[in-house]
Every structure is written in C-alpha cells, then in structure tokens.
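Respectively, the protein sequence lines represent chains P and L.
For reference, each letter of the first sequence is one residue, going 337 to 678 in the working numbering.
For reference, each letter of the second sequence is one residue, going 1331 to 1591 in the working numbering.
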Amino acid sequence: MAAPLVSKAERTYIQASLQATPPLRGDGRGLLDFRTVLLETGVAPLANGSARLNIGKMPHEGGGGTEVLAATKLEVEDVETGDGVDGGRVVCSVSCSPSAYPHLSSNALDELQYDLTVMLQQTIGHPSLHPQNLTIIPRKKSWLLNLDAVILTDAGNVVDALFMAARAALWDTKVPRTRAVEYHAPEEFRAPRDSAAAMDIDQRGGIPAVSGFDTREMVRTAADFELPDYWDEGEVLHGRERWPVCVTLNLLPPTHFLDATPPEEASAPVRMHLMFSFASSNSPKLQSMRLLGPGELELTQIKSYIADGEKYARELFNALETKLREEDVRRNVKARDRFALR
Amino acid sequence: MAQSNFDRRRINGPDESYQPLFESEDERETRWKAGEPRKGRAARDIRPIFLKAGLINQANGSAYIETEKTKIACAVYGPRQSKTTVYNEKGRLNVEVKFAPFSCTRRRVPIRDAEDRSVAVQIQQALIPAVRLELLPKSTIDIFVTIIENDGIEGCIAAGSVAASVALADAGIEMLGLVASSSAAVVGKEIWMDPTEEEGHIASGSLVLAGMPALGTITSVWQSGAMAPDEAIKCMEACQECCADVHSVMAQSLLENAPNT
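In structure tokens form, the structure reads like this:
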C-alpha cells in the first residue's frame, strides 16, 4: 500500500531474512504471528454502533500501531421519492486521515481512500450479507446504514484492521424500533336536510366496527412511523454472525507471512486479501478475494493460499468473537450491575 | 435553491425530477427462477467476441472489442517520457477508464467517479505483471479505455483487460505474454461463464480472473459474493480454460492486423 521509501539493500535484507531458516522478522515474531490487537466498542456515543481497533500498539513506548475507528449511522430514506431501496441499503466509506499518510499528496490520498472504500463496499454491501431488519414501512420508508471508517494511523496491515473494525461496529449496531402509524380523518356524518323535523338526533360520528386497537390493517396502509422507545435501545442488526473477517497474506515465494509492518509490506509487494464469513462453523464462505501487486501466481499456489487463509481467518474470527462478547458483557450487564449497586 | 447539484457550466434541469414510468414489459414474466437453465446460452459458453486491433490511427496501439452488448475501445500511448522529475527505474503503467454517459441504463455524470477508478485498478492489476516495465526506465505507458456500452461490470473488466492487452501488443510494447481475462458467476448451484448485467444481479457470487495462458500463470483474481472455497476454485479453473480460448482469438486478431502495420 502506501509504504515509506525502502532502499534496495533494506528490501533484500528483509526478504532474505524472511526466506531464511528459521525465518526472522524485525520484531522477533513468527511468520504467522499477529501483533497485539486492542478493541473497544461503543466509542462514539452519537453513532448507532462503533468500534476502535488498534493493531501493534506498544504500551510501554506510548502508542503507535495501526488505528482504525469505525462507526455506523442509520438514516431514514424514502423509497418512492428518494434514493431508498425497498429493504434498506448499506453504504460504506473509508477516509484516511492525512496525518496517517504524511508522505502522500492529496490526490494520492484520495485514490487510496477510493480503493479502500471500494474494497469495503463490495464486500460488506454485497446482497448476500444484507441484513433483514432495515425496512421501516414496506415500499415506503427504509433505513440507510452508513458504515464510515477512519484510518487514524497506519503501521501496516491496514486492510485487516479495517475489516475487523467494521465487523465490530456492525456487531455493536442497534436498529431503533419503529411502529407504523396512520393518520385517519374522522368520518363525516351529514344530517338529513329536513327543516321541518326538529328532531334532535344524537349523531356520533359512526362507531367503527373494527376496534381501534387492531393494527393489522394499519401496517399495509401505513404512511408514517414513530419511535416507541428511546433512541439508545433497539434490536441488534440482523445477520451479525455473517459479517466477514479479512486476512492478508503477504506473498514471498516460497513462504508467506501475516501482519506486515510497513518495511515488510514494501519488501513483499504481492498480497492476497481473503475475506471469509463463518456464519455456520462447518461451511465457511469466501466473501471476497483480491490479488494485488506486481506478481503472477499459478492456480495450485492460489488453492493452497485459500486453504491456509481459511485456517488463519478462523482463528482470527474466534478471537474476535470472544472479545466482542466480552465487550457486550462489559457494557451492558456489568454497567447495569454497577448502576444497581450505586 | 442552489443545492450541491447546481452545475454552472451546464443548463440545469428542474431540482426534483422523476424517471418516466413505463408499462411493465413482457420481460418481467420471463424473469429467471431458481433451477431453470440459462437463457440463450449454455452455462459454460461465453458470448462471441469481435476483436479488432489498430482501429485508432492516432494512438501507438489500439483495439476494439465487442461481446454482444459490451463495447469497449482501448488506445495505448507510449512509451513516452514521464512528466515527473523523479527518476523511476521501471516504467509506469497508467490506466484510465471512462464510461460514456450513455453506456449504462441510468445516465452517468461526465465527471470521473469511484467506479471508473475501480475498473482501472483491476485492469492495471491484470496487465502489470505481464508488461516488461524494467526495459522502459523514465517512461510512462498510458492506456485509455472507453466503455461505449456496458452490460455487466465483470464483463467490462474482462473485456477491457483483453482489449488493453491487444492494444499493447499492437503498440509493439514488450510483454511476457498476452493477458486474457474472463469472468464467471455462481447462480444457484451452477457456474455461468461471462455473465451479463441481469445474470450478475441474480448471481450469489462472481469472479474475474486474468492470466497469461501462454505461461499458465494468473495475474489477477477478484472475487466477491458468498461462495464456498471449492466453488471459487472451480470458477477459477473454468475461467482459466476460457482464457486459453480467448487467447487464440486475440492472437488471430493481431495476425490479421499485422499486414497493416
């Protein structure tokens, strides 16, 4: 990606040490080891769901690492007159903070943003992952889910960080509950024009045969909606077990390695991004695959990379799941307990 | 009210406008249902290709490709001197893609947007491993791809890569091999090659593969959608076979154009 300049000598030095036996990396990790990943959800109180992820922060030296902040925001869209689609839609965008890429011009930064946005949008916005509960009133109003990610610093492996943060933010998203309402004018009742009759007919605008509490008909003819409870509560976004995780294999034949730092990324420019979805544990789905960089592969190599990538993605997925459930417990159950004890 | 759509250089239409509603056509009834075979072609057939090199005389090399409803013209200018003052020991390959405003069902604005760039990035990824850029220091090769009619974005990317590769050969730029590209989609349980736009919408996943059949290698893979890993591998194998067929069409068109150069 956008790596700082690395000289030829440095590049061959890194390549030689990665291909040596045993393989050596600058920070002493193994080829398949990730740096420490820190995750926190619920960081943006105004967003419907948010997460902040950091790979490779060094606490003793005060910071660093790749940091990505992802947040989801729901907007109401009109299906008939606006851009809305019946069933809702998901739009992703990535923006790179200029402080993360000080050596790039603004044009190059824009292009990097476009590329990452397209990668995120095509994977997450694909119809096979579309959540089911984004409809408010069928054929009239629907939710637009905006997933925005900001890259605050880049110390390598930004695509993996982006997808992990996106998954965490989508996991955290709560869709507000809505109720359909219909505004009904009271029925007109015309008095008979009989000037002679001085009868005082007690006319009450006809008591409808259907009870006012029966809302079945209303949903079909509903014109608008209201929010019955507070904005904070709501139901979780459907399909949260389907969101994919990404694992980037940096290819340096005959080996490959994970979680590259910027000099390593510059030395092994050929990369394969694999996005797996583990909705059901025994049949993972490949949601997206990208080969980037100036290199060519044979089909047998690609097959082995997909198989290896699946193993690594599964470990990553399990670790992320555990952490997300812990976060859920921390923010909901423990917070309630602390409040009750106060 | 001057909102963001106010374009000073053009005559603006009304702020709010709606598309005309047509009577539902007969095609609605013949929409594809799960389990039905493909309409018009076998599952593994690609659309017939018309490929002609050397159509644009002004450019160093050019090609025009047409596969049923997808029409793409490609022009190559180069190698010419890099405008930048930074010394680069390998040449640069610069791909620019432009969708004509009338190419898609809904009119596209003439301003370059993100979709243009994503097609350009994929065509560049397909070509870069094949072109011998180390023989062209300080130079740039510019490839301009114009999409005149678009029937399926995967088909566009595949056809664009094929046209660009033929144009590069027509310009006489040294390459390791001709790059052929093809696309596939998974519909239900079958694999359909070379999907059109409609077929792309009903597919659960799609894949575009580019490679050099002469060397048996793959230069670019781009897959999206829910596919089991072995389905993806089957798609890639089918695409590779297709690429070999496309390669012979490309070689034929270059031979036909050779007497004219």
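Yeah, the Cβ is synthetic: ideal placement off N, Cα and C, and Gly gets one too.
Proximity to residue i [Cα-Cα], best of the options
| i | options | result |
| --- | --- | --- |
| residue 404 of chain P | P:674, P:631, P:491 and P:351 | P:491 |
| residue 1464 of chain L | L:1418, L:1531 and L:1584 | L:1418 |
| residue 636 of chain P | L:1576, L:1546 and L:1587 | L:1546 |
| residue 1368 of chain L | L:1489, L:1570 and L:1520 | L:1520 |
| residue 613 of chain P | P:575, P:516 and P:341 | P:575 |
| residue 383 of chain P | P:511, P:399 and P:478 | P:511 |
| residue 571 of chain P | P:507, P:594, P:362 and P:622 | P:507 |
| residue 1483 of chain L | L:1516, L:1448, L:1421 and L:1551 | L:1448 |
| residue 625 of chain P | L:1556, L:1579 and L:1437 | L:1556 |
| residue 1553 of chain L | P:455, P:581, P:600 and P:443 | P:455 |
| residue 1578 of chain L | L:1587, L:1549, L:1410 and L:1543 | L:1543 |
| residue 1656 of chain L | P:367, P:396 and P:642 | Any answer about residue 1656 of chain L is impossible in this case: the structure gives chain L only from 1331 up to 1591. |
| residue 1453 of chain L | L:1492, L:1421 and L:1466 | L:1492 |
| residue 501 of chain P | P:677, P:660 and P:598 | P:660 |
Cutoff 8 Å: residue i Cβ touching any chain P Cβ
| i | result |
| --- | --- |
| residue 1458 of chain L | yes |
| residue 1555 of chain L | yes |
| residue 1475 of chain L | no |
| residue 1331 of chain L | For residue 1331 of chain L, the pLDDT reaches just 46, beneath the cut-off of 50, and the residue's location in the model is therefore unreliable, leaving the point undetermined. |
| residue 1447 of chain L | yes |
| residue 1510 of chain L | no |
| residue 1542 of chain L | yes |
| residue 1455 of chain L | yes |
| residue 1359 of chain L | For residue 1359 of chain L, the pLDDT reaches just 49, beneath the cut-off of 50, and the residue's location in the model is therefore unreliable, although a value from the coordinates is still provided. It does not; no Cβ of chain P falls within 8 Å. |
| residue 1574 of chain L | no |
| residue 1412 of chain L | no |
Contacts that residue i makes with chain L (C-beta to C-beta distance below 9 Å)
| i | result |
| --- | --- |
| residue 672 of chain P | Neighbours of residue 672 of chain P on chain L: none; closest Cβ ~37 Å, over 9 Å. |
| residue 575 of chain P | Residues of chain L passing the Cβ test: none, with the nearest at roughly 11 Å. |
Beta-carbon neighbours of residue i, restricted to chain P and to distances below 9 Å
| i | result |
| --- | --- |
| residue 1546 of chain L | 634 and 635 |
| residue 1567 of chain L | 635 |
Amino acids of chain P, ordered along the chain, whose beta-carbon sits closer than 8 Å to that of residue i
| i | result |
| --- | --- |
| residue 1571 of chain L | Neighbours of residue 1571 of chain L on chain P: none; closest Cβ ~11 Å, over 8 Å. |
Beta-bridge pairing of residue i - partner residues as DSSP gives them
| i | result |
| --- | --- |
| residue 425 of chain P | P:480 |
| residue 1469 of chain L | L:1411 |
| residue 1531 of chain L | Bridge partners of residue 1531 of chain L: none, in fact. |
| residue 607 of chain P | P:586 and P:628 |
| residue 612 of chain P | P:581 and P:622 |
| residue 560 of chain P | P:517 |
| residue 592 of chain P | P:587 |
| residue 399 of chain P | P:394 |
| residue 375 of chain P | P:389 |
| residue 571 of chain P | P:511 |
| residue 1555 of chain L | L:1535 |
Chain P residues whose Cβ lies nearer than 7 Å to that of residue i
| i | result |
| --- | --- |
| residue 1550 of chain L | 627 |
| residue 1444 of chain L | 450, 453 and 454 |
| residue 1517 of chain L | What residue 1517 of chain L touches in chain P: nothing, since even the nearest Cβ is about 13 Å away. |
| residue 1284 of chain L | Absent from the model: residue 1284 of chain L. The displayed extent of chain L is 1331 to 1591, so no value can be given. |
| residue 1451 of chain L | 451 |
Beta carbon proximity, residue i to chain L, threshold 8 Å
| i | result |
| --- | --- |
| residue 450 of chain P | yes |
| residue 687 of chain P | Since the first and last residues shown for chain P are 337 and 678, residue 687 of chain P lies out of range. |
| residue 418 of chain P | no |
| residue 589 of chain P | no |
| residue 631 of chain P | yes |
| residue 535 of chain P | Since pLDDT at residue 535 of chain P reaches only 45, below the 50 mark, its modelled position is unreliable, and no value is offered. |
| residue 458 of chain P | yes |
| residue 462 of chain P | yes |
| residue 348 of chain P | no |
| residue 658 of chain P | no |
| residue 473 of chain P | no |
Neighbouring residues, chain L, relative to residue i (Cβ below 7 Å)
| i | result |
| --- | --- |
| residue 621 of chain P | 1556, 1557 and 1558 |
| residue 639 of chain P | 1563 |
| residue 624 of chain P | 1553 and 1554 |
| residue 662 of chain P | Within 7 Å Cβ-Cβ: nothing; residue 662 of chain P doesn't reach chain L, min ~28 Å. |
Under 8 Å from the C-beta of residue i: neighbouring residues of chain L
| i | result |
| --- | --- |
| residue 447 of chain P | 1447 |
| residue 613 of chain P | 1556 |
| residue 642 of chain P | 1559, 1562 and 1563 |
* At a cut of 8 Å, does the stretch 430-439 of chain P reach the stretch 471-491 of chain P through at least three beta carbon pairs? -> yes
* Asked: Touch check for the stretch 386-400 of chain P and the stretch 492-512 of chain P: three-plus C-beta pairs under 8 Å?
  -> yes
* Asked: Taking contact to mean at least 3 C-beta pairs separated by less than 8 Å, is the stretch 352-368 of chain P in contact with the stretch 581-593 of chain P?
  -> yes
* Taking one C-beta from the stretch 1441-1456 of chain L and one from the stretch 1394-1402 of chain L each time, how about it: are there three or more such pairs within less than 8 Å? -> no
* Does the stretch 1507-1527 of chain L touch the stretch 1401-1420 of chain L, meaning 3 or more C-beta pairs lie closer than 8 Å? -> no
* Asked: Just checking, does the stretch 1372-1385 of chain L make contact with the stretch 1527-1537 of chain L on the three C-beta pairs under 8 Å criterion?
  -> no
* Asked: Counting Cβ pairs closer than 8 Å, one from the stretch 1469-1484 of chain L and one from the stretch 1424-1436 of chain L, do we hit at least three?
  -> yes
* Asked: How do the stretch 667-678 of chain P and the stretch 629-643 of chain P stand: do at least 3 beta-carbon pairs fall below 8 Å, yes or no?
  -> no
* Asked: How do the stretch 408-421 of chain P and the stretch 366-385 of chain P stand: do at least 3 beta-carbon pairs fall below 8 Å, yes or no?
  -> yes
* Counting Cβ pairs closer than 8 Å, one from the stretch 1489-1506 of chain L and one from the stretch 1454-1472 of chain L, do we hit at least three? -> yes
* Is it a yes or a no for the stretch 578-587 of chain P touching the stretch 598-618 of chain P, going by three-plus beta-carbon pairs under 8 Å? -> yes
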